[in-house]
Structures are given as C-alpha cells and as structure tokens.
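Participant:
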Amino acid sequence: MSEERILAFCYGTLKKGYSNNRLLATSTFVREAVTEPLYRLWDVGWFPGLTEDSENGKAIQGEIWSIDEQTLRRLDMLEGTPHLYRREFLKIQGMTEPVQGYIYNQSTSRLKECSPVWNGVKE
Ligand code: PCA
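This is the structure we're talking about:
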C-alpha cells in the first residue's frame, strides 16, 4: 500500500481530547493552526461544520494532523463524505503544503455560529 501522508486540518470532533480523535491514533499531530479568514464555523449539535465565506470569513482555529490514506478513507466514512461534509483543500496560514479538511455540505440557516473555534464537550 502507498505510504503517502496527507495533511488534514481538524477543527471539530477530530481534535485532541474530543470524541473522534481516537480515529487518529496512528496519525501524527503536526501543530495547532489557523485558516486564512475565508471560513465560518457553525454549531451543528455535538459537532461543528465549516463553510466557505470569502466576503465575511473568519480565521478558524484547529489542528494539523498527518494521516495515511487508509485513515483518510475511514474519516471520509465517518464524516459522511460527500453528503454531510465534502473534503476539500483549505487555505491555512503559514502552510505551503496542501492541507485538506471537511466542509459542511448542508444548510447553515438555522445554526448558531461558533467562529473562530469549536469547544464542544470534551470526553
Ligand atoms: N469532525 C471533523 C469535521 C467536523 C467534525 O466534527 C473535524 O474535526 O475536522
């Protein structure tokens, strides 16, 4: 199998201390990171959703993780890609390498905004 590593920006339940971080048990934490001010963050319930907003976007806080392809496929399943979320390249401050993350793919019209950071209930 390919040994390629993928950089992922995690802003919700995949972060350290939160419920889905166990899926990153074989992945490597790179550093905390902030997006370019091109996004907004919404409280979907017990998890958050990131959307693009090039006009009124905020710099969103999260973590960069280095993951393998098998983990990426597992994350796609967990995140309901491409229906609930779609995976895209995101613009992260200070990163020249490509970084992917999950964009929320449903309506946010009834959701409360939680930019610039999601602090859900820790495990
Ligand atoms: N999990 C992914 C997207 C939203 C969520 O809860 C993440 O942490 O980045």
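So the working numbering is basically just the index in the sequence shown, starting at one, shifted up by 121.
C-beta atoms are modelled at their ideal positions from N, C-alpha and C, and glycine is treated no differently.
The model shown is predicted, which means the values in this text are computed figures rather than measured ones.
Please name the residue, chosen from E125, T192, Q227, L145, that lies closest to E184 on a Cα-to-Cα basis.
Facilitator: L145
Participant: Rounded to the nearest angstrom, what separates D189 and R126 at their Cα positions?
Facilitator: 5 angstroms
Participant: Tell me the rounded alpha-carbon separation between E170 and F150.
Facilitator: Going by the sequence as given, residue 170 is Gly instead of Glu. Those two C-alpha atoms are separated by around 21 angstroms.
Participant: Unbroken alpha helix (DSSP H) runs of length 4 or more, entirely within the region 162-236: which are they?
Facilitator: Qualifying alpha helix (DSSP H) stretches, in chain order: 190-199.
Participant: Can you give me the C-alpha to C-alpha distance between L199 and G215, rounded to a whole angstrom?
Facilitator: 28 angstroms
Participant: Sort L211, L128, T134, V242 by Cα distance to S175 and report the nearest one.
Facilitator: L211
Participant: Pick from Y132, L128, I213: whose alpha carbon is nearest that of C235?
Facilitator: Y132
Participant: Taking the alpha-carbon positions, what's the W163 to Q221 distance?
Facilitator: 18 angstroms
Participant: Quick check: the Cα distance between L196 and N142, rounded to an integer number of angstroms?
Facilitator: 10 angstroms
Participant: Spatial neighbours of P158 within its chain, please: CB distance less than 8 angstroms, with the 5 preceding and 5 following residues excluded, ordered by chain position.
Facilitator: G178, K179, A180
Participant: Between L193 and the rest of its own chain, which residues show a CB-CB distance below 6 angstroms, the 5 nearest in sequence each way excluded?
Facilitator: I127
Participant: Based on Cα-Cα distance, which residue from T134, E173, E218, A154 lies nearest to Y160?
Facilitator: Ranking T134, E173, E218, A154 by Cα distance to Y160 puts E173 first.
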